[in-house]
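J.: Numbering (our numbering), first residue to last: 7 to 140.
Once you've had a glance at the structure underneath, I'll fire off some questions.
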């Protein structure tokens, strides 16, 4: 039981150290459909990631594009901790696509039965960090 408190503290510290983030919560798309698109841009420069996503036909690409764009705008905001960052030097450090609570629907079946339909939702979280000089 004591370990969970330590884990939460560790996560808070990691979040404080990380760069600029944005999220889209309760996105009306299954996480399974967004994750392959997220894999395309993970680790790329933010501007390059936007160019890649712009030409992807998937619906999740448009959602991810908007989240990365929002994170870039957060980085440009001088009121953010750390001041305004140069957007050309920002890298997509972390992309997380997690499941969100599901909508549950019933589909009528034969002989008075009903099957459950789960409409899956996603939480899309993106973190941008300044690229280290290599």
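For each residue, glycine too, the CB sits at the ideal point set by N, CA and C.
Going by DSSP in three states, residue 137 sits in which element: helix, strand or coil?
T.: coil
J.: Between residue 75 and residue 84, what straight-line distance do the alpha-carbon atoms span, to the nearest angstrom?
T.: Rounded to whole angstroms, the gap between the alpha carbons of residue 75 and residue 84 is 16 Å.
J.: Of the choices 38, 56, 108 and 124, whose alpha-carbon is the least far from that of residue 78?
T.: 56
J.: Using the C-alpha atoms, what's the distance from residue 47 back to residue 95?
T.: 15 Å
J.: Output needed for residue 36: all residues of its chain with C-beta closer than 6 Å, excluding positions within five of it in sequence on either side, in chain order.
T.: 126
J.: Please state if the CB of residue 103 and the CB of residue 134 are separated by a distance shorter than 8 Å.
T.: Pairing residue 134 with residue 103 gives a Cβ-Cβ distance that is not under 8 Å.
J.: At 3 residues or longer, and completely inside the segment 22–105: list those beta strand (DSSP E) runs for me, N to C.
T.: Uninterrupted beta strand (DSSP E) stretches at least 3 residues long and entirely within the segment 22–105 occur at 26–33, given in chain order.
J.: Rank 81, 66 and 92 by C-alpha distance to the C-alpha of residue 32 and give the top, closest one.
T.: 66
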